[in-house]
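These protein sequence lines are chains A, B, C and D, in that order. Residue 113 in my numbering sits at position 113 of the first sequence; the count goes up by one each step and never skips. Residue 115 in my numbering sits at position 115 of the second sequence; the count goes up by one each step and never skips. Residue 84 in my numbering sits at position 84 of the third sequence; the count goes up by one each step and never skips. Residue 33 in my numbering sits at position 33 of the fourth sequence; the count goes up by one each step and never skips. Please read the structure below before turning to the comments.
Number of protein chains: 4
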Amino acid sequence: MKKNWGKKIWGFPGGFIPAESSGKEPEMLSKDEISILNTSQKDADILITIYYADRDPVSGYKITVKAERVRQFRINDLIDPHAIPLGVQYGAVLQSSAPVIVQWSKQITSEGKLGLMGAMAYPVDVDL
Amino acid sequence: MKKNWGKKIWGFPGGFIPAESSGKEPEMLSKDEISILNTSQKDADILITIYYADRDPVSGYKITVKAERVRQFRINDLIDPHAIPLGVQYGAVLQSSAPVIVQWSKQITSEGKLGLMGAMAYPVDVDL
Amino acid sequence: MKKNWGKKIWGFPGGFIPAESSGKEPEMLSKDEISILNTSQKDADILITIYYADRDPVSGYKITVKAERVRQFRINDLIDPHAIPLGVQYGAVLQSSAPVIVQWSKQITSEGKLGLMGAMAYPVDVDL
Amino acid sequence: MKKNWGKKIWGFPGGFIPAESSGKEPEMLSKDEISILNTSQKDADILITIYYADRDPVSGYKITVKAERVRQFRINDLIDPHAIPLGVQYGAVLQSSAPVIVQWSKQITSEGKLGLMGAMAYPVDVDL
């Protein structure tokens, strides 16, 4: 991380990746997804920390969103330092070196159905 | 409650738990769910008050979200001082002894379908 | 209206009530719904104005949310001064005499399906 | 653009228009939609910029939301300077000459299903 954009974080408390999917992949995969928009002129280095219900948080997930670019990725794509298990409650926190706009979305396709939800994250000032 | 985090509350006006579910349980249960992320170094004591359309609010529901942990629970899991009835309009308000991030989600699985919605709560300064 | 709570309004731009529903009523009706939570000790008098794409706004819809109560109602229940037509784009703005928390939700049940979405409204300072 | 409303923007990071739809059109089309409510007494000139994952942003999309009117449109309706491709990740940023309230919604109807999500955008102060 070059530096933090102040002390702001974007947090998502409701993480849960269903183990079951149905329908054509990759569009119809059950997934938790994070979308980050970087409208600034400099790259945004993002640090992600994953919180669990009954074990210590895991930090160190790093991705970059280049200047004037959008990036959308599945939570399952975060595998370093280690993959987030399916079927487990988790929360995610993002920190960024540049101002970004962050959205979370969830798609459930279990049992041949389709459920979709999305939420804009708002940055909050929280001590980490 | 040790103390309030200022006078902030997180409120959810749109509570309603359908009596009917379909599909495999527990994943496909119709439910209202609250997710709380505590990124701080101290436990967060949460006090929940349930508001109804035509009767007095019921307070005294207490849960703890440990330091650096996430907690997700169904509204139906709140049974002390008494369970929230199915099929009744309600609203919920959370107060916390430590800064937390709060999300609400709703899943309806009636009639073999799947509807999903979620919303990030933002803390507001309201007198209680 | 007794008085405005400052100059704050809650606005919903994405109103549209599908004419078609399927499934058991009233739970499975296609609907736009507003949920209001009044945690204060005094009644909240709510004034609603409906905006359209191609005609003048219609104001004068009034409802009361009693002290320490929640109220959830379908947009279609607003019939005075006149009902909101189905299948027409609209937006809604709420003003309140007391601080409240407001949520919007939409349920589409056309063609035997179920789509659900919800959003917390945040109060904004806009001149009316 | 007459002028910017301060330096505020409304941003949507999670854009993606599925190529596949099912069900009766136009109601059941897969779509990303933006809804804008202009409660002010003057027209709002909106400038939209589309950001991509791997190419430069495209700006210059202009629409007007008349005074005291709502406007809802599909992202696909933006064709000048050029149409937004289906099946591609994108983000959108809105700037406005007058204060407005902005919502994003997404409808997926692939494979005979229905998924719906919506999010209120909040204005942020970001350098462009």
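The beta-carbon is built from N, C-alpha and C at its ideal position, and this holds for glycine as well.
> If the cut is a Cβ gap below 8 Å, which residues of chain C does Leu86 of chain B touch?
Replying inline: Here the premise fails: no neighbours, minimum Cβ distance about 12 Å.
>> List, in chain order, every chain D residue whose beta-carbon is nearer than 8 Å to that of Ile36 of chain A.
In response: Pro13
> For Asp77 of chain B, which of helix, strand or coil comes out of DSSP?
Replying inline: helix
> Among B:Val124, B:Met28 and B:Ser22, which one has its Cα closest to the Cα of Leu94 of chain B?
Replying inline: B:Val124
> Does the separation of the CB atoms of Gly23 of chain C and Leu114 of chain C fall below 9 Å?
Replying inline: yes
>> Please list, in chain order, the chain D residues whose beta carbon lies closer than 9 Å to that of Lys24 of chain A.
In response: Simply Glu20, Ser110 and Glu111.
> Does DSSP classify Ser110 of chain C as helix, strand or coil?
Replying inline: helix
> Contact between the region 97-116 of chain D and the region 28-36 of chain D: three or more CB pairs below 8 Å?
Replying inline: yes
> Taking the DSSP output, what are the residues bridged to Ala119 of chain A?
Replying inline: A:Trp104
> Any C-beta of chain C sitting closer than 9 Å to the C-beta of Thr64 of chain D?
Replying inline: no
>> Going by C-alpha to C-alpha distance, which of D:Trp10, D:Pro57 and D:Asn38 sits closest to Ile84 of chain D?
In response: D:Pro57
>> What does DSSP give as the partner residue(s) for Leu29 of chain B in the beta ladder?
In response: Looking at the DSSP assignment, Leu29 of chain B forms no beta bridge with any residue, so it has no partner.
> Can you tell me whether Val11 of chain B is buried or exposed, with buried defined as 16 or more other CB within 10 angstroms of its CB?
Replying inline: In the sequence under discussion, the amino acid at residue 11 of chain B is Gly, which differs from the Val named in the question. With 16 or more other Cβ atoms within 10 Å, it is buried.
> chain A partners of Gly115 of chain D, CB-CB under 8 Å?
Replying inline: Gln107, Leu114, Gly115 and Leu116
> Thinking C-alpha only, which one of C:Lys42, C:Ile9, C:Leu116 and C:Glu25 is nearest Thr64 of chain C?
Replying inline: C:Lys42
> Count the other CB atoms within 10 Å of the CB of Arg71 of chain B; is the residue buried (16 or more) or exposed (fewer)?
Replying inline: buried
> When Cβ atoms are compared, which residues of the region 71-82 of chain A fall closer than 9 Å to chain B?
Replying inline: Residues of the region 71-82 of chain A with a Cβ closer than 9 Å to any Cβ of chain B: none.
> Quick one: Cα of Ile133 of chain B to Cα of Tyr52 of chain C, how far?
Replying inline: The structure shown does not extend to residue 133 of chain B, since chain B is modelled only from 1 through 128, so no value can be given for it.
> Just curious, the beta strand (DSSP E) that Gln89 of chain A is in, first and last residue?
Replying inline: Counting along the chain, Gln89 of chain A falls outside any beta strand (DSSP E), and DSSP gives it neither H nor E.
> Which class does Pro13 of chain C belong to by DSSP, given the choice of helix, strand or coil?
Replying inline: strand
> Closest to Tyr90 of chain C by CA distance: which of C:Pro81, C:Ala121, C:Ser97 and C:Asp54 is it?
Replying inline: Residue C:Asp54 is the option with its Cα nearest to Tyr90 of chain C.
> Which residue comes first and which comes last in the beta strand (DSSP E) that contains Thr64 of chain B?
Replying inline: Val58 to Val65
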